[in-house]
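Using the working numbering, read the sequence shown as starting at -9 and increasing by one per residue. Beta carbons are placed, not taken as given, at the ideal position from N, Cα and C, and that holds for glycine. Have a look at the structure below, then the notes.
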Amino acid sequence: LGLDGTPRATNFSDVPASHKNSGYIQSAVEAGVIKGYNDNTFKPNNKVTRGQMAAFLGRAFDLPASSTTFKDVKSTDTGAEFVGRLAAAKITTGYSDGTFKPNANLTRAHISVFIARALRYEETGVAIPETTNQNSGNTTPKDNSEATGGSSSSNTDSTVPATQAIPGAPTSFKNCDAMN
């Protein structure tokens, strides 16, 4: 995204120029990726939710329009307008119960996968490689198990693959809280 990390004044009352991520935060504001809260704060120590991540990626990347909906995403939820776009780009497929869980907090692993898939989509037009089922000819995402353990429980989020390496995907992010 070409964000400039040089420390500087920001639009937010809780992010002074002396904050270690002030340059990146203000650059993301100028790029239209983040907006902050209505009270003129950024809340740099808050965790990032799935809805917020949808908003960040939806603003940062040119994703296809979509009518895809999830039964738990209300029009008033943060990022609601972008959740369908992430699904259309196959950056997320949501949970197996038809939900997206827009208010659930993300781990660093989830953030990494969301970003890696968005970057992959931007580069190739495909966020999740598909494989052909030899018996049916249907295509399905290569792996839908959770990155933080590979669980196949009902809480498994199919946005996070456990074993699939994504070429060029970062393995960690410094200061992930700065993405809020």
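Bridge-paired residues (DSSP) for residue i
i, result
"N95", "T39"
Candidates the options: closest to residue i by CA position
i, options, result
"F90", "V73, S102, A106", "V73"
"L76", "Y14, E112, D4", "E112"
"G(-5)", "A7, S3, K61", "A7"
"A78", "G(-8), F51, E20", "F51"
"G84", "V19, A44, V38", "A44"
"D29", "H100, D4, F60", "D4"
"K33", "T0, S86, K61, V116", "T0"
"S86", "F60, R98, E20", "F60"
"T114", "T31, D67, L53", "L53"
Burial state of residue i (16 or more Cβ within 10 Å)
i, result
"S65", "exposed"
"K80", "buried"
"Y14", "buried"
"F104", "buried"
"S41", "Position check: residue 41 holds Gly in this sequence, whereas Ser was assumed. With 16 or more other Cβ atoms within 10 Å, it is buried."
"T130", "Note that T130 has pLDDT 37, beneath the 50 cutoff, so the model's placement of it is unreliable and the number below is only indicative. Classification for T130: exposed."
"L(-9)", "exposed"
"G26", "buried"
"N11", "buried"
"V63", "buried"
"G69", "buried"
"A18", "buried"
Same chain only: Cβ atoms within 7 angstroms of residue i, ignoring 5 sequence neighbours per side
i, result
"S57", "G74"
"R(-2)", "A7, S12, G13, Q16"
Neighbourhood of residue i by C-beta distance below 6 angstroms, restricted to the same chain and skipping five residues each side
i, result
"N93", "T39"
"G22", "R49"
"A117", "A79, K80, I81, R107, R110, Y111"
"F46", "V23"
Neighbourhood of residue i by C-beta, 8 angstroms cutoff - its chain only, sequence neighbours within 5 removed
i, result
"H9", "P(-3), T0, I15, P34"
Subject >> In chain order, each alpha helix (DSSP H) run of at least 4 residues that lies wholly inside the segment 61 to 88 >> reply: 70 to 78
Subject >> Any beta strand (DSSP E) of 3 or more consecutive residues that is wholly inside the segment -3 to 41 >> reply: none
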